[in-house]
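Student:
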Amino acid sequence: IDPTVKLTEEIIRLKMEKNAVILSHYYVDADLQDIADFVGDSLQLAQAAAKTEADIIVFVGVHFMAETAKIINPSKKVILPDLKAGCSLAESAPIEKFRAFKAQYPDHKVISYINCTADLKTVTDVVCTSSNAVKVVESFPKDQKLIFAPDKNLGNYLNSLTGRNMVLWDGACMVHEQYSVEKIINLMDENPDAEFIAHPECERPVLLLAKHIGSTSSLLNYVQESPAQKFIVATESGILHQMKKACPNKLFIPAPANDSTCACNDCSYMKLNSLQKLYICMKHELPEVQLPDEVIELAKKPILRMMEISK
Ligand code: 13P
Ligand code: SF4
Numbered sequence: 020i021d022p023t024v025k026l027t028e029e030i031i032r033l034k035m036e037k038n039a040v041i042l043s044h045y046y047v048d049a050d051l052q053d054i055a056d057f058v059g060d061s062l063q064l065a066q067a068a069a070k071t072e073a074d075i076i077v078f079v080g081v082h083f084m085a086e087t088a089k090i091i092n093p094s095k096k097v098i099l100p101d102l103k104a105g106c107s108l109a110e111s112a113p114i115e116k117f118r119a120f121k122a123q124y125p126d127h128k129v130i131s132y133i134n135c136t137a138d139l140k141t142v143t144d145v146v147c148t149s150s151n152a153v154k155v156v157e158s159f160p161k162d163q164k165l166i167f168a169p170d171k172n173l174g175n176y177l178n179s180l181t182g183r184n185m186v187l188w189d190g191a192c193m194v195h196e197q198y199s200v201e202k203i204i205n206l207m208d209e210n211p212d213a214e215f216i217a218h219p220e221c222e223r224p225v226l227l228l229a230k231h232i233g234s235t236s237s238l239l240n241y242v243q244e245s246p247a248q249k250f251i252v253a254t255e256s257g258i259l260h261q262m263k264k265a266c267p268n269k270l271f272i273p274a275p276a277n278d279s280t281c282a283c284n285d286c287s288y289m290k291l292n293s294l295q296k297l298y299i300c301m302k303h304e305l306p307e308v309q310l311p312d313e314v315i316e317l318a319k320k321p322i323l324r325m326m327e328i329s330k
């Protein structure tokens, strides 16, 4: 008998008993996507967290996502399977360093990618995700000077799409920076019938090769709509689960990384989540995301502005 069966049953029982909702990001392991009440990209998960009537939100993703759910829903208990599930982008922008950086640009407004700490959100004008970033940038008048943090790759991509000249914070996603342009070109040569698609957290030379660039949900929609039967996918490997489910007859090849010996397409933070940890977390309702009231109050404003803009 599959040893996970009982665990799965227990998680479902605890969910009913405690009136909890499980929200999973596309990058977590397949079993954690399958057990979720809702699987989605960062924006969809924030929207689901805003709408839920559950008493407990169980966030199977990374810390900044659970934090965002808490900021939107301060009266609810928000728990996550592993408190150490961080993010290289969030870690790249500690608040004191960012304050000093921001002070150099007193007439600039700040757009922050949702992949940042709650503290960073407190000094942000509008938050964005990769799904709504263009809309958020364009919500500002053309002559408004802007800072974009913390992802320089997404920021560069947005500058090229919108013709803006946003000042960029020097942060990057450790997963999306691993791809090898040379190996991708070789793979495209070997598979001329395959389409290369990429997440905008990838570096510019990688993005220049892509037929389609988008958030995880946009990439998932694209593979369903495209007549192509084969795709080379430059984003975290977890999304392949939903792609295969949606298109069982299509072939999905993970984009190759510079270092072929590592599991570079896996986000080691996302992969800290497991069914076992999810069960323990739901049983004990720990670890819990807790934030000072003043942080919640300040961080909520740019998130709600983003929600308003992406309606
Ligand atoms: P999206 O799901 O919004 O595309 O974000 C990708 C990501 O890196 C989440 O950590
Ligand atoms: Fe952060 Fe990158 Fe992991 Fe997403 S994939 S959580 S951006 S490190």
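The numbers in the UniProt record's numbering rise by one with no breaks, and the one at position 38 of the sequence shown is 57.
By construction, the Cβ of each residue, glycine as well, lies at the ideal position given by its N, Cα and C atoms.
In this text the structure is predicted, and so the values were computed from the model without any measurement.
In whole angstroms, what separates the C-alpha of Ser-131 from that of Lys-140?
Tutor: 7 Å
Student: Helix or strand or just coil, what does DSSP make of Lys-249?
Tutor: strand
Student: Return yes when the C-beta of Cys-106 is under 7 Å from any heavy atom of ligand 2, and no when it is not.
Tutor: yes
Student: Could you tell me if Ile-166 is buried or exposed, where buried requires 16 or more neighbouring beta carbons within 10 angstroms of its beta carbon?
Tutor: buried
Student: Distance check for Val-58 and Pro-100, CA to CA, integer angstroms please.
Tutor: 16 Å
Student: DSSP state of Phe-159, grouped into three classes?
Tutor: Three-state DSSP puts Phe-159 in coil, outside helix and strand.
Student: In three-state terms, what does DSSP make of Ile-20?
Tutor: Legend: pLDDT at Ile-20 = 46, less than 50; position of this residue unreliable, value from coordinates given subsequently. Here DSSP, grouped into helix, strand and coil, assigns Ile-20 to coil.
Student: Beta-carbon separation of Ile-204 and Val-252 under 8 Å?
Tutor: No. Outside cutoff.
Student: Give me every residue whose Cβ sits closer than 5 Å to any heavy atom of ligand 1, in chain order.
Tutor: In chain order, the hits are Asp-60, Ser-61, Thr-148, Ser-149, Ser-234, Thr-235.
Student: Could you give the residue range of the beta strand (DSSP E) that holds Lys-96?
Tutor: Boundaries of the beta strand (DSSP E) around Lys-96: 96–98.
Student: Tell me whether the beta-carbon of Gly-80 lies closer than 8 Å to the beta-carbon of Met-289.
Tutor: yes
Student: Quick check: Pro-224 and Tyr-176, are their CB atoms within less than 8 Å of each other?
Tutor: no
Student: Check whether the Cβ atoms of Pro-169 and Cys-135 lie closer than 8 Å to each other.
Tutor: yes
Student: Just to confirm, does Glu-255 get its C-beta within under 7 Å of one of the non-hydrogen atoms of ligand 2?
Tutor: yes
Student: Nearer than 7 Å: is that true of the beta carbon of Glu-244 relative to any heavy atom of ligand 3?
Tutor: Summarising the ligand content, the structure contains ligand 1 and ligand 2 and does not contain ligand 3.
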